[in-house]
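S.K.:
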Amino acid sequence: MVMRLARPQHCCITLVENVVQERQGGVNAGYFNGIEVEWKARTQVYLDNGGSPEHVPLWPAISTEKKKSFKTLYTHPKEGSSQGVVLKDLNDHELNLCPACGEFGKPNTLDHYLPKGKYPHFSITPVNLFPMCDSCQKEKLEKTNTLQEARLFLHPYFDDFVERQIIHVVIEPPYDTPTFRLELSDWLIGEQRSVVQAHVRELAIERRFATFFKAESIRILKHAAKIRNGKMTIEQSVELFRSLHEDPSLNSWQHLYYRAVLENPEMLEYLATGDLPDKIA
Ligand SMILES: [Zn+2]
């Protein structure tokens, strides 16, 4: 599940200044000189409001005539250009899971938190860009908010609260073939609750991770069969699994899964003494 990321070190405002500077002498020099002040002001509004689409307005004047020039900055950065350096740094990350959904593997694209189709002026804004997996990108598309919901997605640079565990996995019997559902953590309040709910729904997280939970269940059944012949109790052993997975995020799926098992005395009892499926034992 979600992971908090450190904000990019590049200054978003300085980047605007540099990009305008680098356009001097080109065909768009006059245009970029003319919008520099407003572009910087709008970038500042983004920073002040953590990119929330409720508070960051669209920029209709550029969304029509000059949309393409902004998008080109992102899609075709010149070698050594200011935004080229920023984009390269953002792509050179060492993440081995998607910060939006927690899927394992290196997320190989950058997502525009506020989509570049609607907000072309944030096409290259460092805090608007973060690594994301293909599956999340396919679900997210150009969605931002609805009439009822101020925003649909957690922001890994601004939503500090995702450092805590934000959802719980609930495991339902029978424990040899359990079912799963996700519940929001009790401490989430107001807008936090609504954005976590929307994030899970819009990225189709419950459906996408059903297979993971099934695989993990088979693993724990096998493990229970082994541990019954050893010295560790089931609970100590599951606690070890849980603690091994609390890094890099309390919201990693393994951590959420093993925490769910530890919080389920009925399931622990089953693992310790219940009839394990024949093919597992
Ligand atoms: Zn993802």
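First residue of the sequence shown: 1, per this note's numbering; consecutive thereafter.
From the three backbone atoms N, C-alpha and C, an ideal C-beta is built for every residue, glycine too.
Output the residues surrounding ligand 1, defined as those with a CB atom closer than 6 Å to any ligand heavy atom, in chain order.
M.R.: This criterion selects C98, A100, C101, E103, M132, C133, S135, C136.
S.K.: Quick check: the Cα distance between Q21 and N96, rounded to an integer number of angstroms?
M.R.: 36 Å
S.K.: Roughly how far, in whole angstroms, is the beta-carbon of P115 from the beta-carbon of T144, given that I think they are within contact range, below 8 Å?
M.R.: 7 Å
S.K.: How big is the Cα-Cα spacing for M267 and W187?
M.R.: Rounded to whole angstroms, the gap between the alpha carbons of M267 and W187 is 25 Å.
S.K.: Judging by CA-CA distance, which residue of D111, T273, H10, N264 is the nearest neighbour of P156?
M.R.: D111
S.K.: From this set, N251, H121, P126, G26, which residue's C-alpha is nearest A6's C-alpha?
M.R.: P126
S.K.: Can the beta-carbon of I171 be found closer than 8 Å to that of L182?
M.R.: no
S.K.: Enumerated in chain order, which unbroken segments of the alpha helix (DSSP H) with a length of 4 residues or greater are wholly contained in the segment 13–55?
M.R.: 29–48
S.K.: Do the segment 190–208 and the segment 242–258 touch if we need at least three Cβ pairs shorter than 8 Å?
M.R.: no
S.K.: Tell me which residue opens and which closes the alpha helix (DSSP H) that I218 is part of.
M.R.: 210–227
S.K.: Is there contact between the segment 117–125 and the segment 58–68, where contact requires at least three CB pairs shorter than 8 Å?
M.R.: Yes: at least three Cβ pairs fall under 8 Å.
S.K.: Going by DSSP, what residues sit across from T109 in a beta bridge?
M.R.: M132
S.K.: First and last residue of the alpha helix (DSSP H) that includes H255?
M.R.: 253–262
S.K.: Which stretch, first to last residue, makes up the beta strand (DSSP E) that contains V169?
M.R.: Taken as a continuous stretch (DSSP letters only), the beta strand (DSSP E) holding V169 covers 167–172.
S.K.: Taking the alpha-carbon of C101 as reference, which of G230, T177, V162, E216 has the nearest alpha-carbon?
M.R.: Considering only alpha carbons, the answer is V162.
S.K.: Taking all protein chains shown into account, do 16 or more other C-beta atoms lie within 10 angstroms of the C-beta of I189, making it buried, or fewer, making it exposed?
M.R.: That one is exposed.
S.K.: Would L154 and T146 be called neighbours here (beta carbons separated by less than 8 Å)?
M.R.: no
S.K.: Check whether the Cβ atoms of E36 and V16 sit closer than 8 Å, and answer yes or no.
M.R.: Contact flag set, yes.
S.K.: Taking the alpha carbon of S123 as the reference point, which residue from D134, K71, E103 has its own alpha carbon closest?
M.R.: K71
S.K.: What separation, rounded to the nearest whole angstrom, lies between the Cα atoms of V169 and L73?
M.R.: Taking C-alpha positions only, V169 is separated from L73 by approximately 42 Å.
S.K.: Could you tell me which residues DSSP pairs with E183 in its beta bridges?
M.R.: H168
S.K.: Closer than 8 Å by C-beta to E263: which residues in its own chain qualify, once you throw out the five before and the five after it? Chain order, please.
M.R.: H168
S.K.: Reducing DSSP to helix, strand and coil, say where F153 ends up.
M.R.: coil
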